[in-house]
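Q: Pasting a structure below so you can have a look.
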Amino acid sequence: MRKVYPDAASALAGFLKDDMTIMAGGFGLCGIPETLIEAIRDSGVKGLTVISNNAGIDNVGLGVLLETRQIRKMISSYVGENKTFAKQFLAGELEIEFNPQGTLAERCRAGGAGIPAFFTKTGVGTLVAEGKEVREFNGEQYVMETGLVADLAVVHAWKGDTEGNLVYRKTARNFNPMMATAAKVTVAEVENLVQPGELDPDHIVTAGIFVKRIVHVPDAEKRIEQRTVRKRA
59 MRKVYPDAAS
69 ALAGFLKDDM
79 TIMAGGFGLC
89 GIPETLIEAI
99 RDSGVKGLTV
109 ISNNAGIDNV
119 GLGVLLETRQ
129 IRKMISSYVG
139 ENKTFAKQFL
149 AGELEIEFNP
159 QGTLAERCRA
169 GGAGIPAFFT
179 KTGVGTLVAE
189 GKEVREFNGE
199 QYVMETGLVA
209 DLAVVHAWKG
219 DTEGNLVYRK
229 TARNFNPMMA
239 TAAKVTVAEV
249 ENLVQPGELD
259 PDHIVTAGIF
269 VKRIVHVPDA
279 EKRIEQRTVR
289 KRA
């Protein structure tokens with residue numbers, strides 16, 4: 059089955075609809091599926107629930123979907139770099155479900171593993187636990203969190219083969235691998251595309267069985283979220 063598509067729009071064709079849930083991998087601006095996110099924007103779908111560690115920044119990453127008001131709800135951990143997000147949230151125009159960062163990662167991993175719920179100590183006694191089941195194990199309190207699944211996952215990989223086997227580089231390994239397993243359909247953008255057999259099997263993180271379609275993005279921009287500089291001595 060041919061998995062490689064000529065561009066992001068064709069790779070997403072037939073998968074997008076209003077009011078769907080999308081997982082978007084990456085950490086800050088590292089390893090975000092920017093090309094696929096822009097194609098989602100251009101499709102015009104709206105009412106989206108987006109699961110992502112963060113919401114990008116203004117005009118970059120998921121920030122472009124916030125600018126066009128295509129996102130209805132964010133399920134996230136950290137959103138502090140996006141002024142558009144803050145403005146919409148404070149105006150009551152955007153729903154938010156905050157998660158501790160490790161809890162969000164585990165919720166995605168659990169969803170991909172078919173685990174409907176799990177218990178964690180993180181958040182017990184805080185706003186995070188409000189409305190959730192709390193149970194005692196071995197004398198300690200734990201809050202129940204549910205696994206997350208999505209209609210579509212969009213991920214970014216440093217290298218991949220035409221069968222969809224993916225390798226991530228450094229911080230991009232945060233969230234991309236678990237999200238790739240936790241959606242009905244996963245579409246990956248890949249910087250370096252190779253033929254089957256060219257990847258060291260020990261280096262493959264996401265198996266091709268999880269990836270439905272691929273788009274090659276050889277010139278992916280490497281953005282710096284915050285640049286701190288000082289004068290040379």
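For the sequence shown, position 60 matches number 118 in my numbering, and the numbering has no gaps at all. Even for Gly, the Cβ is constructed at its ideal location relative to N, Cα and C.
(1) Can the beta-carbon of G169 be found closer than 9 Å to that of L120?
(2) Candidates D277, R271, R290: which alpha carbon is nearest F73's?
(3) In terms of alpha-carbon separation, which member of D76, D77, G89, A82 lies closest to E283?
(4) Please determine if the segment 235 to 246 and the segment 263 to 280 are in contact, where contact requires at least 3 C-beta pairs separated by less than 8 Å.
(5) What does a CB cutoff of less than 6 Å around V212 pick up in its chain, not counting 5 residues either side in sequence?
(6) Along the chain, which unbroken stretches of the alpha helix (DSSP H) at least 4 residues long are found entirely within the segment 118 to 173?
(7) Tell me, which residues are paired with I115 by DSSP?
(8) Buried or exposed: Q199, going by 16 or more other Cβ atoms within 10 Å of its Cβ?
(9) If contacts are defined as beta-carbon pairs under 8 Å, then N117 and S134 qualify, I think. What distance do you get, rounded to the angstrom?
(10) Based on the DSSP output, what are the partners of M81 in its beta bridges?
(11) Closest to A66 by C-alpha separation, out of D260, N157, V248, E151, would be which residue?
(12) Beta-carbon separation of M237 and I109 under 9 Å?
A: In short, the structure shows the following:
(1) Translated into the one-based positions of the sequence shown, residue 169 becomes position 111. Translated into the one-based positions of the sequence shown, residue 120 becomes position 62. The answer is no: Cβ separation not under 9 Å.
(2) Stepping through the sequence shown from its first residue, residue 73 is reached at position 15. For F73, the nearest C-alpha among the options comes from R271.
(3) On the sequence shown, residue 283 is found 225 positions in, with the first residue counted as 1. Minimum Cα distance to E283 is reached at G89.
(4) yes
(5) In the sequence shown, the residue the question calls residue 212 occupies position 154. Excluding residues within five positions, the ones whose Cβ falls inside 6 Å are A82, P91, L94, V245.
(6) 121 to 125, 141 to 148, 159 to 171
(7) The residue labelled residue 115 in the question sits at position 57 within the sequence shown. Beta-bridge pairing links I115 to V118.
(8) If you number the sequence shown from 1, residue 199 lands on position 141. Classification for Q199: exposed.
(9) Translated into positions along the sequence shown, residue 117 becomes position 59. Translated into positions along the sequence shown, residue 134 becomes position 76. Going by Cβ atoms, the distance from N117 to S134 rounds to 18 Å, so no, they are not a contact pair.
(10) As a working note, residue 81 is residue 23 in the sequence shown. According to DSSP, which records beta bridges pairwise, M81 is partnered with I109, A211.
(11) As a working note, residue 66 is residue 8 in the sequence shown. That would be V248, whose Cα lies nearest to the Cα of A66.
(12) As a working mapping, residue 237 is identified with position 179 in the sequence shown. As a working mapping, residue 109 is identified with position 51 in the sequence shown. A contact, by the Cβ cut-off of 9 Å.
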